[in-house]
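Participant: 0 is the number of the first residue of the sequence shown in numbering that gives the first Met the number 0; add one for each residue after it.
Glycine included, every Cβ here is placed at the ideal spot set by N, Cα and C.
Every value quoted in this text rests on a predicted model; they were computed, and no experiment measured them.
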Amino acid sequence: MCPHNTHEKKKQYIITGNDIHYPSQTNHDTCFIPENVRQYTGEPLYIIVAHWCQQQQDWVQRGQISEAFHITARRASYLISYLRNKASRVVCVCRRRTLSNKVQRCEIYVVRVLESPEPAPRERTVTPPLSRRRVGNGSSAQANELWNRLRSNRSEGKILKKEDEDDGM
Numbered sequence: 000m001c002p003h004n005t006h007e008k009k010k011q012y013i014i015t016g017n018d019i020h021y022p023s024q025t026n027h028d029t030c031f032i033p034e035n036v037r038q039y040t041g042e043p044l045y046i047i048v049a050h051w052c053q054q055q056q057d058w059v060q061r062g063q064i065s066e067a068f069h070i071t072a073r074r075a076s077y078l079i080s081y082l083r084n085k086a087s088r089v090v091c092v093c094r095r096r097t098l099s100n101k102v103q104r105c106e107i108y109v110v111r112v113l114e115s116p117e118p119a120p121r122e123r124t125v126t127p128p129l130s131r132r133r134v135g136n137g138s139s140a141q142a143n144e145l146w147n148r149l150r151s152n153r154s155e156g157k158i159l160k161k162e163d164e165d166d167g168m
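Laid out in structure tokens, this is it:
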């Protein structure tokens, strides 16, 4: 146990209807979606959070995201970190605030959220059909010649055996 009780407890909320965001990753929990960003329900959570932050038109802290989306402050700080570092669709500015206890907190201001790019249709490249019968780099003519030579050697061997047997009698 931590003696200072600094760990946050997960708040329990009753979530109904289409207020729930079901993440595509199974290791992520569901969360609440505020009414003013429900039109983005099909988007990933970080994009929904970015739209919400943009609507605030002010600097946003992890506590505000935590309250609005009913998630832990730790998960909210992960989302802020993702928005700052990884999100190519989000244009934002970050600033660090130093609290009275010398702890630094990051705040973000979302300038713009870019639309999802439409996937470009892929052109099908024409590839020759694969031949499953060939192995190695020899041609079929070489393979046929080798096969015929092996067969003729086999039959010659039988003839020689018969001659040896005939001579021995």
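Ends of the alpha helix (DSSP H) at Y77?
Facilitator: Its alpha helix (DSSP H) spans residues A72 to N84.
Participant: Out of L98, E144, R150 and C105, which one is the CA nearest neighbour of C91?
Facilitator: It is C105.
Participant: Nearest-angstrom Cα distance between R94 and Y81?
Facilitator: Rounded to the nearest angstrom, the two C-alpha atoms are 15 Å apart.
Participant: Which of the three DSSP states, helix, strand or coil, is assigned to V109?
Facilitator: In this structure, V109 counts as strand in the three-state DSSP scheme.
Participant: Can you give the beta carbon distance from R88 to I46, rounded, assuming they're within the 8 Å contact cut?
Facilitator: 7 Å between Cβ atoms; contact.
Participant: Identify the continuous beta strand (DSSP E) that holds V92 and give its terminal residues.
Facilitator: V89 to T97 is the extent of the beta strand (DSSP E) around V92.
Participant: Determine the closest residue to G62 out of Q56, Q54 and I79, with distance taken between C-alpha atoms.
Facilitator: G62 has its Cα closest to that of I79, out of Q56, Q54 and I79.
Participant: Around the Cβ of V125, are there at least 16 other Cβ atoms within 10 angstroms (buried) or fewer (exposed)?
Facilitator: Exposed.
Participant: I need the boundaries of the alpha helix (DSSP H) containing G62, first residue and last residue.
Facilitator: Here the alpha helix (DSSP H) through G62 covers R61 to F68.
Participant: In the DSSP assignment, find the unbroken alpha helix (DSSP H) run with W58 in it and report its ends.
Facilitator: No alpha helix (DSSP H) contains W58, which DSSP labels as neither H nor E.
Participant: Reducing DSSP to helix, strand and coil, say where I14 ends up.
Facilitator: Legend: pLDDT at I14 = 43, less than 50; position of this residue unreliable, value from coordinates given subsequently. Coil at I14, not helix or strand.
Participant: Are the beta-carbon atoms belonging to V109 and Q53 less than 7 Å from one another?
Facilitator: For V109 and Q53, yes; Cβs fall inside 7 Å.
Participant: When the distance is taken between beta carbons, is W58 closer than 7 Å to V36?
Facilitator: No, they are not a contact pair.
Participant: Quick check: C30 and I64, are their CB atoms within less than 7 Å of each other?
Facilitator: Not closer than 7 Å, so no.
Participant: Only counting the same chain, and skipping five residues up and downstream in sequence, which positions put a Cβ closer than 7 Å to that of L98?
Facilitator: R104.
Participant: With a threshold of 16 other CB atoms inside 10 Å of the CB of L149, please say whether the residue is buried or exposed.
Facilitator: Exposed, by the Cβ-count rule.
Participant: List the whole-angstrom C-beta distance separating A49 from V112, where the pair is believed to meet the contact cut-off of C-beta under 8 Å.
Facilitator: Yes, A49 and V112 are in contact; Cβ-Cβ is about 5 Å, under 8 Å.
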